[in-house]
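Peer 1:
Residue numbers (our numbering), protein chains in the order written: chain A, 1 to 349; chain B, 1001 to 1528.
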């Protein structure tokens, strides 16, 4: 176990090293940070002086060496835009993203397991077909569009006049499909509760939760169909296996067979995929956060790219690399708990 | 709607301390005159040091927490603010009287020494010192009189005065605990002035989280009592166009800037929301690179390009009326605006000119344009490419994001480039000096002259105008310069990009927004 963790730690360091070299190598293509830090009419001599002060004129190896030396001591450089150490900036934006991803995961788990199991048990039921149909749509609509549609329906509100207003049923249907639209469409709201340090939470107040609803649904919309289909497919396969058949033959109640015997084995691949997808969700969060102006890491990163804020870009990429390593490590640990036949160190049992 | 005007309570220690210190009214129900304005701008101020960076976001902030000596009205007249009167003592000296009884947020009174100190600091600022080059010195004659001297006769001193937002000298003098000068200007650094602010403006910054939001409270001792009724501003930067519009339509904010052309109809027709469009002053156009393409050295070829481009179609269809077609630099209201110069779209004439110049068969050029700087920039460049194809100029167009565009632009390695320009001085001469003056590395003239266009006659005329203090004469000279440039087709103008703001019903933005894009929110009135 200890050996496994140490090995993973080495992985994390290696990943950070490789990412930092790559990020540094492409920084010239990200644009000129000085360009965004001065007014348009500022003469070239002033720009040159600023470049010199920021050390942007030094050769690649000198710049990288300076960065690496500081990074080893925990200093990842100072963001040009925020005028603060890049790690502080990221730490400030991290809770917003984590809460968003957490809320989305919650939605995914709450919906994907029952729906997936149901449509595996009753694959021919109308409801199953409906879920499968919707999930195809959900998987193909980009998160950006989902977000805009959610905002239009639930924040701005829509008025439907499709049905004849003069008839009773028409007016009722019109009202039924029209929405008021009161949900907040941007930001985290002003009703945050400080937990500790940089961590302010949306989860503690009604207003905060309201702000969390639409973004987390939008973010979940990408992964939910995937998980429903994954659980369904795994469950159907497990249902065909001998031990399930035997359990049924023994006369164990179907409920117990489904939810204790079958579901447990269904969850193994789901955990693996899920762990990897948490990392992907951080990536998708960039789009969701942009549309909802959610002040998390994704929005921060996109802004940093637009401003060619290289210290922040490099730090962000390294942190995300670490998040991937950490989530994969946790997945492996959980996997070992759920399925004791798996050995962490990979040695033959 | 009113239900959603949130009374928000502060969360952090810092904010509650400041909140409590500022006013006991913070938690009480709002009275009729107490209004909160939630603003959704494309960007928040980069810093709190108004001299650290010259940008639209910073100037908007300057008008909230500071006051200029004079400011522009909607019709490009000067309106007295902290300066109440001014007179030209001689050709190079202007004397200004300052308003009495004005105090800074710190409680210090405003005196002439503060103005002198501010001007000296402006001359130290990397972003402002080029603009303030003509100013030689400033001197306090008494507590409320300041005298500004220029090295040469300079007609635009009042234009510069719109950039003089007096800072609190006593507040910014001394050393911090770390031993840094409080007054120092550090770009992208963590200077004292970038974190602390004391101006004379209508609003005090109470809390700021960069990139997330800025909170303002009304300054109780603000000198101008005959003004707006906004007591609190919450500024949220929302860069994404669709999200900003959605935030307004859903009632999440009360006021937004930069309504994108695609959403104009939607906002105009929405209930409870009002759209205000203003003709802007930023010229969008193209520069032709004479260094790389020999044909562009021939005025007939440049004219052919000018004749081939249909500005009105671009403004009407591509911009959906969100632009004013242009045939010169100066928008209406500017000193050098020449009403005789109108767009001259005529493809047949353009083809004749090409033939005359010996390029009937045309040639191929590379062209670059940004894709996230100006409204519809990439589409405009595409449209221009198609128009040039009709005079047999084949265009290989490359578009790129802003962060990559300017470094690429600076290399001057393409045959044509798009550029938009807003004159910092709100004056016609500025366009010429940066975009078409013969390049001179020494003086910095023609810094953005991509095509190395050079017409010494025009340069001489504009230079002469810039030391002509008789404004009537000066305007005539600048109009003449515009006409000469039109004739010579030294720059290919397309349009002036409009500005569009929107606010919920009851927020009376119309009187406070202006073509220079700095809404005077201190004067904003919200009615029920």
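Heads up, the beta-carbon is just placed ideally off N, CA and C, and yes, glycines get one too.
1. Residue 1229/B by DSSP, collapsed to three states: which one?
2. Kindly indicate if chain A contains any beta-carbon less than 9 Å away from that of residue 1532/B.
3. Taking any Cβ of chain A, which residues in the stretch 1033 to 1048 of chain B have a Cβ under 9 Å from it, in chain order?
4. Need the endpoints of the alpha helix (DSSP H) that residue 1209/B sits in, please.
5. Using a Cβ-Cβ cut-off of less than 7 Å, give me the residues of the stretch 1431 to 1443 of chain B that come near chain A, in sequence order.
6. Please decide whether residue 148/A counts as near chain B, where near means a Cβ-Cβ distance under 9 Å.
7. Once DSSP output is grouped into helix, strand and coil, what is the label at residue 1440/B?
8. Taking the continuous alpha helix (DSSP H) assigned at residue 1364/B, which residues delimit it?
9. Against residue 44/A, what residues of chain B qualify as contacts under a CB-to-CB distance less than 9 Å, listed in chain order?
10. Among 244/A, 236/A and 84/A, which one has its Cα closest to the Cα of residue 121/A?
11. In whole angstroms, give me the CA-to-CA distance for residue 1388/B and residue 1311/B.
12. Could you round the C-beta distance between residue 318/A and residue 126/A to whole angstroms and report it? I think they count as a contact, below 8 Å.
13. Do we get a CB-CB distance below 9 Å when we pair residue 1246/B with the residues of chain A?
14. With DSSP as the reference, label residue 1319/B as helix, strand or coil.
15. Check this for me: beta carbons of residue 1306/B and residue 1247/B, under 9 Å apart or not?
16. How many Å lie between residue 52/A and residue 1282/B at the Cα?
17. What's the call for residue 1498/B, buried or exposed, on a 16-neighbour Cβ count within 10 Å?
18. So that I know if they touch, is there some Cβ in chain B lying closer than 9 Å to that of residue 369/A?
19. Would you kindly check if the distance between the Cβ of residue 1091/B and the Cβ of residue 1153/B is under 9 Å?
20. Taking a contact to mean a Cβ-Cβ separation below 9 Å, would you say residue 1099/B touches residue 1068/B in this structure?
21. Could you compute how far the alpha carbon of residue 1278/B sits from the alpha carbon of residue 1500/B?
22. Just mark residue 1331/B as buried or exposed, buried being the case when its beta carbon has 16 or more other beta carbons within 10 Å.
23. Let me check understanding here. Comparing Cα to Cα, which of 20/A, 165/A, 320/A and 147/A lies closest to residue 61/A?
24. Ignoring anything shorter than 4 residues or poking outside the stretch 23 to 69 of chain A, list the alpha helix (DSSP H) runs there in chain order.
25. Are the CB atoms of residue 1404/B and residue 31/A nearer to each other than 9 Å?
26. Please decide whether residue 141/A counts as near chain B, where near means a Cβ-Cβ distance under 9 Å.
27. Select from 217/A, 321/A, 156/A and 303/A the residue whose C-alpha is nearest the C-alpha of residue 1242/B.
28. What are the residues in the stretch 182 to 213 of chain A lying within 9 Å of chain B by C-beta distance?
29. Can you give me, in chain order, the residues of the stretch 286 to 302 of chain A that have a beta carbon less than 9 Å from any beta carbon in chain B?
30. Where are the beta strand (DSSP E) runs, 3 residues long or more, that stay fully inside the stretch 189 to 269 of chain A, in chain order?
31. Using alpha carbons as the reference points, say which of 309/A, 224/A, 298/A and 313/A lies closest to residue 270/A.
32. Listing by chain order, which chain A residues have their CB less than 8 Å from the CB of residue 1134/B?
33. Mind checking whether residue 1222/B and residue 1200/B have CB atoms under 9 Å apart?
34. State the DSSP-derived secondary structure class of residue 1497/B, mapped to helix, strand or coil.
35. If we count Cβ pairs, one from each stretch, closer than 8 Å, do we get three or more for the stretch 218 to 232 of chain A versus the stretch 279 to 286 of chain A?
36. Residues bridged to residue 1087/B by DSSP?
Peer 2: Quick answer:
1. In the second chain, the residue the question calls residue 1229/B occupies position 229. Note: residue 1229/B maps to coil in three-state DSSP.
2. There is no way to answer for residue 1532/B, as the model of chain B reaches only from 1001 to 1528.
3. 1040, 1046 and 1047
4. Locating residue 1209/B in the second chain gives position 209, counting from the first residue. Not the alpha helix (DSSP H): residue 1209/B falls in the beta strand (DSSP E), residues 1203 to 1209.
5. 1434
6. By 1-based counting over the first chain, the position of residue 148/A is 148. Output row for residue 148/A: interface = yes.
7. Position 440 of the second chain, counting from 1, holds the residue named residue 1440/B. Strand, per DSSP.
8. Position 364 of the second chain holds residue 1364/B. First-last for residue 1364/B: 1363 to 1370, but that is the beta strand (DSSP E), not the alpha helix (DSSP H).
9. As a first step, residue 44/A must be located in the first chain, where it is residue number 44. The answer, in chain order, is 1410, 1441, 1444 and 1447.
10. The sequence position of residue 121/A within the first chain is 121, counting from 1. Nearest option by C-alpha distance: 236/A.
11. Locating residue 1388/B in the second chain gives position 388, where the first residue counts as 1. Locating residue 1311/B in the second chain gives position 311, where the first residue counts as 1. The straight-line gap from Cα to Cα measures roughly 13 Å.
12. For the purposes of this step, residue 318/A is taken as residue 318 along the first chain, with counting starting at 1. For the purposes of this step, residue 126/A is taken as residue 126 along the first chain, with counting starting at 1. About 50 Å; that fails the 8 Å criterion.
13. Mapped onto the second chain, residue 1246/B falls at position 246. Yes - at least one Cβ of chain A is within 9 Å of the one on residue 1246/B.
14. Position 319 of the second chain, counted from the start, is the residue given in the question as residue 1319/B. Here residue 1319/B sits in coil by DSSP.
15. Residue mapping note: residue 1306/B aligns to position 306 of the second chain, counting from 1. Residue mapping note: residue 1247/B aligns to position 247 of the second chain, counting from 1. No, they are not a contact pair.
16. By 1-based counting over the first chain, the position of residue 52/A is 52. By 1-based counting over the second chain, the position of residue 1282/B is 282. Each residue's alpha carbon lies about 31 Å from the other.
17. Numbered from 1 along the second chain, position 498 holds the residue referred to as residue 1498/B. So residue 1498/B counts as buried.
18. Residue 369/A lies beyond the stretch modelled for chain A, which goes from 1 to 349, so this question has no answer here.
19. Translated into positions along the second chain, residue 1153/B becomes position 153. Translated into positions along the second chain, residue 1091/B becomes position 91. Against a cut-off of 9 Å, the Cβ pair of residue 1091/B and residue 1153/B comes out as a contact.
20. As a first step, residue 1099/B must be located in the second chain, where it is residue number 99. As a first step, residue 1068/B must be located in the second chain, where it is residue number 68. Cβ atoms of residue 1099/B and residue 1068/B: not closer than 9 Å.
21. For the purposes of this step, residue 1278/B is taken as residue 278 along the second chain, with counting starting at 1. For the purposes of this step, residue 1500/B is taken as residue 500 along the second chain, with counting starting at 1. Rounded to whole angstroms, residue 1278/B to residue 1500/B spans 6 Å at the Cα level.
22. On the second chain, residue 1331/B is found 331 positions in, with the first residue counted as 1. Residue 1331/B is buried by the Cβ-count criterion.
23. Along the first chain, one-based indexing puts residue 61/A at 61. Out of 20/A, 165/A, 320/A and 147/A, 20/A has the C-alpha closest to the C-alpha of residue 61/A.
24. 33 to 37 and 44 to 54
25. If you number the second chain from 1, residue 1404/B lands on position 404. If you number the first chain from 1, residue 31/A lands on position 31. Taking 9 Å as the Cβ cut-off, residue 1404/B and residue 31/A qualify as a contacting pair.
26. Indexing the first chain from 1 puts residue 141/A at position 141. For residue 141/A, the answer is no, since every Cβ of chain B falls outside 9 Å of its Cβ.
27. As a position in the second chain, residue 1242/B is number 242, starting the count at 1. Residue 1242/B has its Cα closest to that of 156/A, out of 217/A, 321/A, 156/A and 303/A.
28. 182, 183, 184, 185, 186, 187, 188, 189, 190, 191, 192, 193, 194, 200 and 207
29. 290, 291, 292, 293, 295, 299, 300 and 302
30. 193 to 196 and 199 to 201
31. Your numbering for residue 270/A matches position 270 in the first chain. Of 309/A, 224/A, 298/A and 313/A, the residue nearest in Cα terms is 224/A.
32. In the second chain, the residue the question calls residue 1134/B occupies position 134. Correct list: empty, because the minimum Cβ distance to chain A is about 14 Å.
33. Taking the second chain and counting its residues from 1, one reaches residue 1222/B at position 222. Taking the second chain and counting its residues from 1, one reaches residue 1200/B at position 200. In this structure, residue 1200/B lies closer than 9 Å to residue 1222/B by Cβ.
34. The residue given as residue 1497/B occupies position 497 in the second chain. It is a strand residue.
35. yes
36. By one-based count along the second chain, residue 1087/B stands at place 87. Residue 1087/B pairs with 1095/B.
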